[in-house]
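Step one of this worksheet: look at the structure below.
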DNA sequence: CGGTTACATTGATTTATAGCAAGGACTCGA
DNA sequence: TCGAGTCCTTGCTATAAATCAATGTAACCG
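Residue numbers (our numbering), protein chains in the order written: chain Y, 144 to 388; chain S, 144 to 388.
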C-alpha cells in the first residue's frame, strides 16, 4: 500500500468519527455488526472507539491482558504465535470485515500487528461481551464467524500438513484472491500481497527462500507475473488446479 | 481398547437407554449439555438418540448432507479431510465429551469414523439447532466450545508448520495425556494410543515410518516405553520441554 | 496349527526444503 | 547523489524426512 492511499485511509476514517460514521461503512455487511437492526446498530456504534495504526504497529500480543476486541475496517493485520526460540507461525491475516476477539478465554492466544496502515473499530472487551449477551442475533453472528474461522483453520491444517511448497503458494494466492473479491465486490487477476515474503513463509510453514524460489519459478512457468506488492495471475486454471490438487 | 472393554461399553450404553439415562452420565460435565438445568436438560435428553458404532465405522463423511450432530460418550473418533489424490490430514481426534457438529454451514467439512468402538448421543441437526436457538445458555456453550476448538486448531497450525518430528510427537503425547486426564479425572503416566501409527502420522503431518522411528528413538533414549496400544512416560520433564520447545 | 492379514519396525536411498552466503533492487533520509 | 537499511533473489550445500523395500510381530481363522 503506498503512502497516498495510507494517508487517505487515515484521513477518511478520522473524518467519519462523527455521530453517524458507521452508516456508510463499506465494510459493515462483511463484519460482525452486519446483521444488526437500527436500534441495536446504534447501540453498538456508541460502544465503538475508532482507532488507526500505522504499518507495523502492535495491536496486542500473546501475553497481554484482553482489554479490547476489534473489527478491521481498512488494511491488513497479521496474527501469529511465537515459539520460545523465535520460530513464528502466522495463524491468519485479518482483512477488512474480520473480527479479532473470538477466542479470548485466557489471553488473546496470539499476537496481532499491522502489516499496512490499519483502521479499526475498537470495543472494550467487557462492554462488547455485555452487548452480545443482550443481543442473541449478535451471539449467533459471533458463533457463525467462529465456526467459519474453524473451517478455515482446518483447511490450513491440510495445507500445512500435507501439501508441498508449490501447492501451498497456489492455494494461498487463490484464497487471498477470493477474500479480496468478497471485500471489493469484484474478482481481480491482480492479487495484492501487502505482506512480505517472510510473512508468507511463516504462514505457509516454509522459509523465505522457498517462497521466493517458488513464486519466481511460477513466474518463469508463465503461471503468473510478479508485480510490486502482488502478483498478476496469467493461468488461472492451472493455478487453481494446483491449489486444490 | 480390548474386546472386553468394548463389549462392556456397548452393554452399559444400551442398558442406560431408559428414561433417565443421562442422569448418571460421567461425560456430562465435559460435554455440550453440561451447563443445562433440570427442565432444559430433560428437554435435550428427549431429543437424544443414543447410538453405538463398532471400530472403523463411518459416522459421516465430507460430502454427506448434515443430518445429525453428536456428542461422544465413549471411545475415539478420528476427523479428517481427504485430498483428491488420497492424501489425508486428520484434523482432530474426538474423545468422550467432544461435540461433532460445530461447523456445519455446508457439509460437515470433514469425515468422521470410529477408531475404537464408540457410543454417542445423536441429535437431529435441525432439532438441535432449534433447541439451541431457544436456549441462550446452550448457544453460549456452543460458542465457547467453538472458540476452544479454534484455539486448539491454531496450536495445531504451529505444530504442523514450525516443529520437527520429535517435537510433534512429544507435543501430541502431552496433549493427549492432558485430555485423558480431564476425562478420567487423574493424570496417568501411561498414555493410551488407540489410534494406529498411520493415524498419528496423518495428524502430525509425517509418514508412518517417521512416527515409528521417532517413537522408538525416544524409547531408546529412555524418554518413554512403548506398550501395547500406548506409551508409558519415563522422563516427563524432558518430554514436556520437547513439547513446548 | 499353518496361513493370511494388518500393522509396525528397520535399513538404504532419494529428495524437497532448509540453511548459508552473496549480491541485487528499491526506498528513504541526509 | 550517496549511503544505509530493508527486502528479495539466487546459487551452493546440508539435512530432515520421505520413499522404497524388506522383515518382524501379533491376531485371527479355517
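The C-beta atom is built at its ideal place from N, Cα and C for all residues, glycine as well.
The region 283-349 of chain S is shown to contain whole alpha helix (DSSP H) runs of 4 or more residues at 308-327, 340-347, in chain order. Scanning the region 207-266 of chain Y for uninterrupted beta strand (DSSP E) segments of 3 residues or longer gives 211-217, 220-225, 231-237, 254-257, listed from N- to C-terminal end. Collapsing the DSSP output to three states places residue 195 of chain Y in a strand. Contact note: residue 282 of chain Y reaches chain S through 279, 282, 283, 286, using a C-beta cutoff of 9 Å and chain order. Annotated as distal: residue 250 of chain Y and residue 271 of chain Y, with beta-carbon spacing of 9 Å or more. Within chain Y, the C-beta atoms nearer than 7 Å to that of residue 297 of chain S come from 224, 234, 252, 253, 296, in chain order. Between the region 294-306 of chain S and the region 325-343 of chain S, the count of C-beta pairs closer than 8 Å stays below three; the two stretches do not touch. Residue 256 of chain Y has its alpha-carbon roughly 8 Å from the corresponding atom of residue 198 of chain Y.
In this structure residue 224 of chain S touches residue 301 of chain Y by the C-beta definition: roughly 5 Å separates them, less than 8 Å.
Under the DSSP definition of a beta bridge, residue 369 of chain S partners with S/374.
In the DSSP annotation of this structure, the continuous segment of the beta strand (DSSP E) that includes residue 202 of chain S starts and ends at 201-203. Distance from residue 274 of chain Y to residue 187 of chain Y at the Cβ level is roughly 6 Å; contact confirmed, criterion being Cβ atoms closer than 8 Å. Residue 349 of chain Y and residue 183 of chain S have their C-alpha atoms spaced approximately 49 Å apart.
The beta-carbon separation of residue 325 of chain Y and residue 175 of chain Y, rounded to 15 Å, does not stay under the 8 Å limit for a contact.
If you draw a straight line from the Cα of residue 385 of chain S to the Cα of residue 288 of chain S, it is about 28 Å long. In the DSSP assignment, residue 187 of chain Y falls within the unbroken alpha helix (DSSP H) covering 181-190. From the listed residues S/262, S/316, S/235, the smallest Cα separation to residue 252 of chain S is found for S/235. Only residues of its own chain outside the window of five on either side were considered, and among them 362, 374, 375, 377 have a CB closer than 7 Å to the CB of residue 368 of chain S, listed in chain order.
In this structure, residue 178 of chain Y sits away from residue 260 of chain Y, with a CB-CB distance that is not shorter than 9 Å.
Each residue's CA atom was taken as its position, placing residue 336 of chain S and residue 220 of chain S some 12 Å apart. In the DSSP assignment, residue 383 of chain S falls within the unbroken alpha helix (DSSP H) covering 379-387. At a cut-off of 9 Å, the C-beta of residue 238 of chain S has no neighbouring C-beta in chain Y. For residue 272 of chain Y, the enclosing alpha helix (DSSP H) covers residues 268-277. In this structure, residue 347 of chain Y sits away from residue 366 of chain Y, with a CB-CB distance that is not shorter than 9 Å. Put simply, the backbone Cα of residue 372 of chain S is about 55 Å away from that of residue 169 of chain Y. In the structure shown, the three-state DSSP call for residue 352 of chain Y is helix.
Judged by their CB atoms, residue 216 of chain Y and residue 262 of chain Y are nearer to each other than the 9 Å cut-off. Rounded to the nearest angstrom, the Cβ distance from residue 227 of chain Y to residue 388 of chain S is 7 Å, consistent with a contact under 8 Å. Between residue 191 of chain Y and residue 266 of chain Y, the gap from beta carbon to beta carbon is short of 9 Å. Within the same chain, Cβ atoms closer than 8 Å to the Cβ of residue 345 of chain S are found at 223, 231, 232, 233, the five residues on either side in sequence being excluded. Taking a Cβ-Cβ threshold of 9 Å, the residues of chain Y close to residue 388 of chain S are 226, 227, 228, in chain order.
The residues 382, 383, 386, in chain order, have a CB closer than 7 Å to that of residue 317 of chain S in the same chain once the five nearest residues on each side in sequence are set aside. Using a CB distance cut-off of 9 Å, residue 348 of chain Y counts as an interface residue toward chain S. Assigned with DSSP and collapsed to three states, residue 361 of chain S falls in helix.
Here residue 264 of chain S is near residue 213 of chain S, since their CB atoms are less than 9 Å apart.
Closest in C-alpha terms to residue 173 of chain Y, from the list Y/239, Y/209, Y/181, comes Y/239.
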